[in-house]
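Structure record follows, encoded as structure tokens.
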Amino acid sequence: MSQNTKITPTLKENLLKYDDLIVTKTDLKGNITYCNECFLNISELEEKEVLNQPHSLIRHPDMPKAVFQILWNTLNEGNEFFGIVKNLSTSGNHYWVFANITPSFDESGKTIGYFSARRKANNALVKIMDNLYKKMVQEEKRHNDNNRAIEASTQILNNFIDEQGVSYNEYLISFT
Ligand SMILES: Cc1cc2nc3c(=O)[nH]c(=O)nc-3n(C[C@H](O)[C@H](O)[C@H](O)COP(=O)(O)O)c2cc1C
């Protein structure tokens with residue numbers, strides 16, 4: 170169980186400025202090896218509370234499991250991930266980001282970790298994804314079997330993207 174299960178979410182949002190850039194790096198397991206000042210400020214954390222901790226430290230309970238499954242599948246295939254993510258700060262407030270996560274490679278092409286850069290997410294896109302994520306979380310809660318829950322929730326996301334007539338990445342990038 171991660172530390173953030175002790176935090177009670179509020180309805181308050183910590184707002185990012187348009188030119189804010191949140192950066193973190195992780196090892197292959199998603200443990201944080203680097204973070205910038207912007208990450209610490211918006212998450213209301215100190216560096217010593219963050220380094221070597223799993224990135225789920227800031228996981229918000231409103232985020233569907235399926236999104237993180239897609240994130241890890243995408244990275245494991247050696248591709249970059251784009252996503253809208255709601256994160257939790259220490260006070261229980263949240264902040265929405267447009268995240269771009271990429272694998273970092275060594276000289277031989279081996280993946281040695283991951284790099285995440287996030288900016289303020291487009292407000293219209295946040296509204297759409299917030300609504301979609303609520304349906305996905307609701308679906309995940311209906312299933313006792315974790316794999317089945319993620320499968321059904323991913324189906325909701327895929328159906329939505331199919332309706333848009335473009336790929337997932339194209340859809341998200343169209344709002345930037
Ligand atoms: C580089 C990188 C950045 C990540 N950023 C976040 C993030 O901002 N918020 C988040 O909840 N999970 C993030 N994750 C995913 C977490 O590692 C984790 O899969 C997720 O929080 C779900 O955790 P859980 O399965 O323990 O509930 C990131 C992973 C990587 C590799």
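So the sequence shown is numbered by this note's numbering: it starts at 170 and just counts up by one.
Yeah, the Cβ is synthetic: ideal placement off N, Cα and C, and Gly gets one too.
This one's a predicted model, so the numbers in the text were calculated from it and none came from an experiment.
Distances between the C-beta of T193 and the heavy atoms of ligand 1 include at least one below 7 Å. In the DSSP assignment, K175 falls outside any beta strand (DSSP E), carrying neither H nor E. Under the three-state reduction of DSSP, H229 is assigned to coil, being neither helix nor strand.
The nearest non-hydrogen atom of ligand 1 is 7 Å or more from the C-beta of G247. Relative to the non-hydrogen atoms of ligand 1, the Cβ of F274 never comes closer than 7 Å to any of them. Counting only residues of its own chain and dropping the five nearest sequence neighbours on each side, E215 has a CB closer than 7 Å to the CB of L209. Relative to the Cα of V254, the nearest Cα in the group E213, I297 and E276 belongs to I297.
Straight-line spacing of the CA atoms in V295 and N316 works out to 26 Å. A straight-line Cα-Cα distance of about 43 Å links K304 and E276. The closest heavy atom of ligand 1 lies 7 Å or more from the beta carbon of F251.
Annotation: the continuous beta strand (DSSP E) that includes T195 extends over I191 to T195.
Cβ contact annotation for F251 (same chain, cutoff 6 Å, sequence separation greater than five): N269, N338 and L341, in chain order. By DSSP's assignment, G282 forms a beta bridge with S273. Contact between the stretch 300-314 and the stretch 256-273 is not established, with fewer than three Cβ pairs separated by less than 8 Å. Between ligand 1 and the CB of M232, the shortest heavy atom gap is smaller than 7 Å. Annotation for G199 indicates a beta carbon within 7 Å of some heavy atom of ligand 1.
C204 and T323 have their C-alpha atoms roughly 30 Å apart.
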